[in-house]
Each structure stands twice: as C-alpha cells, then as structure tokens.
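Taking it in order: structure first as structure tokens, then the write-up.
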Amino acid sequence: MVKDNQPRLAREIAWLFEPASAREQPLPLLDARMARTVERGHGRYRDTRQMTATTDLTGYSDWPGLAQVFRLERTWQEHGVAKQAIHYGITSLPPESADPQRLLALKRDHWQIETGLHYVKDVTLGEDRSLTHVGHGPVVMGMLRDTVVSLIRRSGYRTIASRLRHFADRPDDAVTLVCGTSTTRA
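Under numbering that gives the first Met the number 0, the residue at position 151 of the sequence shown is numbered 150, and the numbers go up by one with no gaps.
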C-alpha cells in the first residue's frame, strides 16, 4: 500500500485514477482491469471491495520493480452508517501472475497474517512492551516468538494464550513440545 510516507508516488497514482479537480475528467486508462468482492460479516451489513489495476504508470515512475499500480475502494455499512475508504498501492507482480482478483485475495490474506501472527505476538506475547532494544536482541526475540507460535499451532492448538498458561503450569509439557521427548525421570 502506498501511504503518505511516499508523497510523490501517492500523488502519481492518485493522479492516474482521480481527476485533479471536480471540473476535470479522469484520464482514460489504457490498461484497466477490475475485480470486485462482496462479503457479509463482522457486524457489517455488506463489505464491498473493488480493485482497479493498471500498468499505465509502468515506465513513467522511477519506483524500482513497479509492474502495476492499483486503486482499492472499499465500501461498507457500520451501525447503519455508510463508510468508504480508497487506498492506492503498487506491486512488482505483473498482470500475467497477479490479476485484480488475485491482488484482492493477497490483500485479504495480509490481514489474516496480521491478526493470526502479529496480534498474537503483540498482545499475547507482549512484543510491543519488550525492553530488548540493543543489538540483535529484538530480532532474536522476534524469531523466538515466531517459533513459539508455530510450535503451538503445529501441535493443533488455536488458542495460544491458554496453551501458554498450560505450559506455565506444566513445564515438562513445554519441553516435550520443543524436543519431542519427555524429560520426566522414573
């Protein structure tokens, strides 16, 4: 996703999809491919996403590896109020390997990673509260957190917090999970 930390690129993409003022017409895209999804759930009446992708900026932008740019428009209702959000993005994936439907799916999958891993690391494992900030410590701790989450999930458990409480009460079970053998001696 292109955000305000890349203002020039954001302006270039917005200019491609949106008119500069209400009096102007948007430029006709030479390559415009679209996809749309409609979903229900999460307390919203309907969640609609429309992706328009184009290669029209390829060759004009100096952004390295740029193959396509896209406009993602999302509309939904929340508590009876209509909401809309428009985001712009880039990808190095060419249209042959990532049509707008695939780009929409990739964008949705990003949130599964965000809620499935990052949320667990931030909230359950306290990553954001970590006081490890020097040298390789943050990277090593991040790898250890990833390993913990992966081991627990591969063992068939979905609720990481309850499994961590279990291991806190039964450290031998934690060692068995990591080593595959019990450390209990007869």
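Virtual Cβ for every residue (Gly too), placed ideally from N, Cα, C.
Rounded separation between residue i and residue j - CA only
i      : j      : result
SER60  : LEU8   : 8 Å
ALA185 : ARG128 : Because ALA185 sits at a pLDDT of 46, beneath the cut-off of 50, its placement in the model cannot be relied upon, and the following sentence gives the value as read from the coordinates. Cα to Cα, the separation comes out at about 40 Å.
PRO27  : GLY141 : 46 Å
VAL177 : ASP108 : 28 Å
VAL37  : LYS106 : 14 Å
ASP168 : VAL139 : 25 Å
GLU95  : HIS78  : 40 Å
ARG152 : LEU163 : 12 Å
TRP62  : THR53  : 15 Å
HIS135 : ASP98  : 39 Å
VAL80  : PRO6   : 30 Å
GLY179 : LEU143 : 17 Å
Beta-carbon spacing of residue i, residue j below 8 Å
i      : j      : result
ALA34  : LEU103 : yes
THR51  : THR74  : no
ASP55  : ASP30  : yes
VAL174 : GLY88  : no
SER91  : GLY58  : no
ILE159 : VAL119 : yes
Cutoff 6 Å; reference residue i; Cβ partners in own chain excluding five residues on either side
i      : result
GLN49  : ARG35, GLU72
GLN83  : THR74
ARG10  : none
HIS86  : MET0, LEU71
PRO93  : ALA66
TYR156 : ARG162
PHE16  : ARG70
Cβ separation of residue i and residue j, assumed to be a contact under 8 Å, to the nearest whole Å
i      : j      : result
ARG39  : ARG45  : 6 Å
ASP171 : HIS165 : Contact flag wrong, Cβ pair sits at about 11 Å.
Cutoff 8 Å; reference residue i; Cβ partners in own chain excluding five residues on either side
i      : result
PRO137 : SER129, THR131
LEU116 : ASP145, VAL148
Sequence-distant residues of the same chain with beta carbon closer than 7 Å to residue i, five excluded per side
i      : result
SER154 : LEU176
Query raised in the report: Do the segment 66-82 and the segment 94-103 touch if we need at least three Cβ pairs shorter than 8 Å?
Result: Look at the beta carbons and you see the segment 66-82 touching the segment 94-103: at least three pairs across the two are nearer than 8 Å.
**Report entry** Contact between the segment 118-136 and the segment 147-163 (3+ Cβ pairs under 8 Å)
**Finding:** The segment 118-136 is in contact with the segment 147-163.
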